[in-house]
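Colleague: So that we are looking at the same thing, I have put the structure below in structure tokens.
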Amino acid sequence: MLLDDLLARRLVILSGKGGTGKSVVGTALALAARARGKRILFIEVDAPLPASRYLGEAPGARETEVRPGLSMVNLVPAKVMDEYVREMVRVDLLARKVLGSPIYRRFFAAAPGLPELMVLGKIMVLEEERTGGPRRPRYDLIIVDAPATGHGLAFLKVPLAASNAIPVGPVGHNARRILSLLRDPKKTALAIVALPEEMAVVEALEFHKMAKTEIGIQARAMILNGCHERRFTGAQETEILRRVSEDEDGRLAPGVTLQAALAAARRHIRRRKLTQFYRKRLEQAVSVPVVSLPLLFTDRIDESALETLAERLEAA
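The sequence shown runs 857 to 1172 under the numbering used here.
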């Protein structure tokens, strides 16, 4: 089962085209893992609208337990870097002088890959944290909602570039440790989220290929989100399309015409067929499991909607 495979790891990284619902899928995955008794940390990276809002919570730059066993955090690169400086410069007065320096701010903004490396380093530290004994991890599973595919690939490539560019010293050493964690299939799983749409599927397949060839990370799953699932039998679909072609008229209820109902049914059939087409396309292109999650016909994502997706992940 997909969930068994993912929960056997220490770190699950989600990426995909922007707008595919990574944060929703990640939160649902966190709830599914929590239902199995896991202690979860869900990490977002500089998210303007944190996923915690789906649960009616608003955690900040530090881990906040939003439900028993489920903590969430939104890592802002500049704040992660400031925390790193305070740890390195243990004298508070000196640390405040460094952090208040315009030179420091310009360096952080201009140094290529430094914000991403700091965030990944923080994730590594969180993964290594132990509590209640030297061998007990603080979190059983860390789920990372990584940046969207374009930036996401660059995000994951930073430790590789840093380890090649800096062969000695603490920065290069930590970059190699981060890269080793990302590449370790026993600890880390990459799951790519897509929608049943052309650009989202194309980007998912490209990301799958480049993550393997350029970074050495093999994806463990493709998650096709927002799927239109069958609501009519084959015979009913045939009848709907026949009635549409004959332009039948009538009224089903006050304010509901037969033509409007048939048009809505035809749109659903088309979207259902497109979902099926893109799922098959993914299955033929990759050797990893492809999991479909349904489109939720709701105005807002809340805990109930997330539980529905969590149940589907559990059943996958």
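Every residue gets a Cβ at the ideal spot worked out from N, C-alpha and C, and that includes glycine.
Run through the DSSP bridge pairs and tell me what residue 897 is partnered with.
Modeller: Bridge partners of residue 897: 927 and 998.
Colleague: Evaluate the contact criterion for the stretch 1119 to 1130 versus the stretch 1092 to 1101: three or more CB pairs, one atom per stretch, below 8 Å.
Modeller: The stretch 1119 to 1130 is in contact with the stretch 1092 to 1101.
Colleague: If you scan the stretch 995 to 1068 from start to end, which runs of the alpha helix (DSSP H) of 4 or more residues do you find wholly inside it?
Modeller: Fully enclosed alpha helix (DSSP H) runs of 4 or longer: 1005 to 1021, 1025 to 1039 and 1054 to 1066.
Colleague: What number of angstroms, rounded off, separates the C-alpha of residue 1057 from the C-alpha of residue 948?
Modeller: Spanning the two alpha carbons is a distance of roughly 49 Å.
Colleague: By Cβ distance, which residues of its chain are closer than 6 Å to residue 1168, with the 5 residues on each side in sequence left out?
Modeller: These residues qualify, in order along the chain: 1149.
Colleague: Using C-beta distances below 7 Å, list every residue in its chain close to residue 973, excluding the 5 sequence neighbours before and after it, in chain order.
Modeller: Around residue 973: 1014, 1015, 1018 and 1031.
Colleague: On the three-state DSSP scale, how would you describe residue 1102?
Modeller: Coil at residue 1102, not helix or strand.
Colleague: Check the C-beta distance from residue 864 over to residue 926 and give it rounded, since I have them as a contact under 8 Å.
Modeller: 19 Å between Cβ atoms; not a contact.
Colleague: Does the distance from the CB of residue 980 to the CB of residue 1034 come in under 7 Å?
Modeller: Contact flag set, yes.
Colleague: Which one of 991, 1142 and 1159 has the shortest CA to CA distance from residue 1065?
Modeller: That would be 1142, whose Cα lies nearest to the Cα of residue 1065.
Colleague: Which runs of the alpha helix (DSSP H), 4 residues or longer, sit entirely within the stretch 1104 to 1144?
Modeller: 1114 to 1141, all fully within the stretch 1104 to 1144.
Colleague: If you reduce the DSSP assignment to three classes, tell me which class residue 957 lands in.
Modeller: Three-state DSSP puts residue 957 in coil, outside helix and strand.
Colleague: Helix, strand or coil for residue 1151? Go by DSSP, reduced to three states.
Modeller: Three-state DSSP puts residue 1151 in coil, outside helix and strand.
Colleague: Out of 877, 894, 873 and 875, point me to the one whose CA is closest to residue 867's CA.
Modeller: Of 877, 894, 873 and 875, the residue nearest in Cα terms is 894.
Colleague: Which of helix, strand or coil does DSSP assign to residue 920?
Modeller: Three-state result, residue 920: strand.
Colleague: With H, G and I counted as helix, E and B as strand and the rest as coil, what does DSSP make of residue 971?
Modeller: DSSP places residue 971 in helix when its eight states are reduced to three.
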